[in-house]
Amino acid sequence: MSESQSNIKLQAVNLTKKFDRRVIFEAVNFELGRGSSIAITGRNGSGKSTLIKIIARLLAQSSGELDFFDGDRKLRTEQFYKYIGFVSPYLNLYDEFTGFENLKIISDIRSSGHGNIDNVLQRVGLYSRRNDLVKIYSSGMKQRLKIAFSILHDPDVLLLDEPTSNLDLEGVGVVDDIADEYRKNRILVIATNDAHEKSLCAGELNLNRDV
Ligand SMILES: Nc1ncnc2c1ncn2[C@@H]1O[C@H](COP(=O)(O)OP(=O)(O)OP(=O)(O)O)[C@@H](O)[C@H]1O
Ligand SMILES: [Mg+2]
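Residue numbering for the sequence shown follows the numbering used here, beginning at 23 and increasing consecutively.
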């Protein structure tokens with residue numbers, strides 16, 4: 023992974039999310055700069071996945087501000103996508119394509135070139151299975167491919183929702199290594215209730231509303 027030059031910052035001020043009239047979380051505040059890592063924790067249904075989707079700009083907050091800066095420059099949403107990588111149980115892969123083709127498709131959408139695909143496949147341990155259709159991948163192999171997706175464009179911010187689910191020990195090691203790099207040099211956010219995943223982050227944001 024190359025050393026990123028950008029100086030990105032994420033800032034959330036009084037972030038609140040409601041679905042209809044149900045308040046999921048309220049007045050969440052945080053600021054994350056280079057070298058920051060945070061675990062979003064809280065009981066099932068507390069809004070961890072919802073918050074990480076809002077940070078990824080896949081979902082809108084109900085109120086409050088979420089801003090992304092590169093230095094002093096505030097980024098527009100469409101600029102932000104190249105800065106983030108996202109792994110989520112909700113992410114879909116293209117079953118009828120191979121692992122390699124899946125990564126090629128996403129590189130084409132991002133206009134990020136194909137140069138890094140083989141490296142990333144090696145890194146997540148899928149290189150020898152790159153030409154197999156995703157529909158015959160095991161659940162852990164699919165999870166590895168999602169991780170490959172998230173780091174393919176060498177983003178500054180990595181957002182991981184339950185990243186080690188379905189992974190074997192070696193797969194967990196892949197996530198550990200990636201998390202280590204992001205924690206030190208970039209921005210890492212993990213939504214989790216798993217003690218090991220939580221230990222990969224320096225800080226914690228607990229969404230339980232009555233603790
Ligand atoms: N599209 C939606 N419409 C209505 N309610 C929703 C929607 N998506 C999520 N919710 C609700 O928002 C709440 C938070 O869900 P979310 O998936 O963010 O929880 P979580 O903390 O990630 O839970 P888990 O630990 O099970 O992963 C839940 O009550 C859920 O039912
Ligand atoms: Mg969740």
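Even for Gly, the Cβ is constructed at its ideal location relative to N, Cα and C.
- The beta-carbon distance between Ala34 and Phe52, rounded to whole angstroms, is 5 Å. This is short enough to meet the 8 Å contact definition.
- Remark: the C-beta of Ser133 is outside contact range of ligand 2, defined as less than 6 Å to any heavy atom.
- Ile74 sits away from Asp202, with the two beta carbons spaced by 7 Å or more.
- Residue state for Ser85 is assigned as strand, using DSSP reduced to three classes.
- For Asp183, the enclosing beta strand (DSSP E) starts and ends at 179–183.
- Fully contained in the stretch 170–225 are the following alpha helix (DSSP H) runs of length 4 or more, in chain order: 191–207, 217–221.
- Counting along the chain, Arg145 sits inside no beta strand (DSSP E); it lies in the alpha helix (DSSP H) bounded by residues 139–145.
- In the DSSP assignment, Thr72 falls outside any beta strand (DSSP E) and within the unbroken alpha helix (DSSP H) covering 70–77.
- The C-beta distance from Leu115 to Asn124 rounds to 6 Å, short enough to fall under 8 Å.
- Remark: C-beta atoms of Ile62 and Lys70 approach each other more closely than 7 Å.
- A straight line joining the alpha-carbon of Lys206 with that of Val179 spans about 12 Å.
- Here the C-alpha atom of Asp94 lies approximately 35 Å from the C-alpha atom of His218.
- Contact check for Lys40 against Ser68 fails: the beta carbons are separated by 7 Å or more.
- Secondary structure at Arg151: helix, using DSSP grouped into helix, strand and coil.
- For Leu32, the uninterrupted beta strand (DSSP E) segment begins and ends at 30–41.
- By the neighbour-count definition (other C-beta atoms within 10 Å, threshold 16), Val146 is a buried residue.
- In the three-state reduction of the DSSP assignment, Phe102 falls in the helix class.
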